[in-house]
Amino acid sequence: MRLVPAFVLALSITTACDKKEGGGGGSPPPADPVAKGDPAKADPVKPAVAPADPAKAEPPPPPPPPKAPEKTGVLDLELQQVAGGWKIITPRYTQFFTNKPSVQRQDAQTPFGDTIPGAVAMVEGNDRFGGLIYIPIPKDIPYDVKKGLKGARDGMLGMFDGKYDAKDAVTTLGGLEANHVTAEGSREGHRFHVEAWIAYDPVGRTVYGLMALRMPSDLEGIAKMREGFELRPDAKPAEQDDAKALDNVIKKEAAKAAPKAPAAPKAPAPKGDPY
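Numbering-wise (our numbering), the sequence shown opens with residue 3 and increments by one.
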């Protein structure tokens, strides 16, 4: 706890009073050589001298322009050094990291068994880990969003050895509806705290998974990591063909999920004329 000391200044004022001795004897005090109230004999008033103008502080130099993004060589991800850290750049969103993340390929499986190319950008050290999972869904591959996000959740929590305690809550991530997962469990004999935000961007047909791993006594920086996920100012809306492809996928998934109507009973075969 930060303590701020309070200082008390005590000011003591002492007044001395002279007492007269005897009954009116003694000589009167000498006259004041300078008559009070006589402007001719008063000391001249010295003109006030204006204090010198303090030197004006020069404005700080403008920050250097951000460096140009670099291609990571993994899918279409780019990496840019910015003030205070680094940014992973996707076609529609960016994620801020205080340290330079490593980027590597990490494919995923859809609920229908298709393999989708994906990537992960991560920073790790000691007992800390932070990473962004990026899975763009191709237009021609059907994707069940509900099952896919649950699979991503279970995959993240698969890092624990054995049982773990977890809870889910609906929240947002960069304006996207997201599932916020908080869990604690053991891994290699140590207790860990995991927080993850899993979201689907319907415009970009992309799954994002933001994950932070810490010791239960060291949770600093998790909220700031979530705040670092932002929509790009120049993010383009979905193109017409993307919207049609997404609409077709939704219709196909809805048709698969819809219960099939029972088959109509077959009419009995006509019997022959008995005559």
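Beta carbons are placed, not taken as given, at the ideal position from N, Cα and C, and that holds for glycine.
Candidates the options: closest to residue i by CA position
i	options	result
threonine 177	Gly133, Val205 and Met161	Checking the sequence, you will find glycine at residue 177 rather than threonine. The option with the nearest alpha carbon to glycine 177 is Val205.
aspartate 146	Phe131, Met161, Asp167 and Phe114	Phe114
alanine 180	Phe231, Asp167 and Ile139	Phe231
methionine 124	Gly223, His195, Val105 and Pro138	Val105
aspartate 220	Arg130, Ile118 and Trp88	Arg130
aspartate 167	Phe194, Val76 and Lys102	Phe194
valine 122	Tyr136, Asn128, Ala110 and Gln111	Tyr136
aspartate 78	Pro65, Arg189, Ile139 and Gly86	Ile139
alanine 85	Pro65, Val76, Gly75 and Thr92	Pro65
glycine 157	Val183, Thr173, Gln82 and Lys141	Val183
alanine 198	Ser188, Arg189, Glu190 and Thr173	Thr173
Inter-residue spacing [alpha-carbon to alpha-carbon] between residue i and residue j
i	j	result
aspartate 163	leucine 215	15 Å
leucine 175	isoleucine 90	16 Å
serine 153	alanine 59	The question names serine, but residue 153 is glycine in the sequence shown. Approximately 58 Å between the Cα atoms of the pair.
lysine 73	glutamate 80	5 Å
tyrosine 1	proline 63	No answer is possible for residue 1: it lies beyond the span of the chain, which begins at 3 and ends at 277.
alanine 225	phenylalanine 99	12 Å
leucine 151	isoleucine 200	7 Å
leucine 159	lysine 169	11 Å
leucine 134	glutamine 97	8 Å
isoleucine 143	lysine 149	14 Å
glycine 282	proline 71	Because the chain is modelled from 3 through 277, residue 282 falls outside the range shown and cannot be assessed.
glutamine 82	glycine 75	13 Å
arginine 228	methionine 161	21 Å
lysine 69	proline 103	16 Å
glutamate 255	lysine 141	The predicted position of glutamate 255 is uncertain, since its pLDDT is 47 and thus under 50; a value taken from the coordinates is nonetheless stated next. Straight-line Cα distance between these residues: approximately 14 Å.
glycine 87	glutamine 108	24 Å
serine 188	threonine 112	28 Å
asparagine 101	glutamate 190	26 Å
arginine 155	lysine 165	15 Å
proline 61	threonine 92	36 Å
proline 2	glutamate 222	Lying before the first or after the last residue shown, residue 2 is absent from the chain, which here runs from 3 to 277.
Cut-off 6 Å between Cβ atoms - residues of its own chain near residue i, not counting five sequence neighbours on either side
i	result
histidine 192	none
valine 196	Ala185 and Leu215
alanine 110	Ile118, Gly120 and Ile137
methionine 213	Gly133, Met158 and Ala198
aspartate 116	Ile143
Cutoff 8 Å; reference residue i; Cβ partners in own chain excluding five residues on either side
i	result
arginine 94	Asp203, Val205, Gly206, Thr208, Leu233, Arg234, Ala237 and Lys238
proline 218	Glu186, Arg193, Phe194 and His195
Beta bridge counterpart(s) of residue i as assigned by DSSP
i	result
glutamate 186	Asp167 and His195
methionine 138	Correcting the residue type first, residue 138 is proline in the shown sequence and not methionine. Note: proline 138 sits in a beta bridge opposite Thr208.
valine 172	Asn181
lysine 152	Beta-bridge pairing links lysine 152 to no other residue.
arginine 216	His195
Residues of its chain near residue i, where Cβ-Cβ distance is below 7 Å and the 5 sequence neighbours each way are ignored
i	result
alanine 171	His182
Minimum Cβ-Cβ distance from residue i to chain B less than 8 Å
i	result
alanine 201	The chain labelled as chain B is not found in the depicted structure, where only one protein chain is given.
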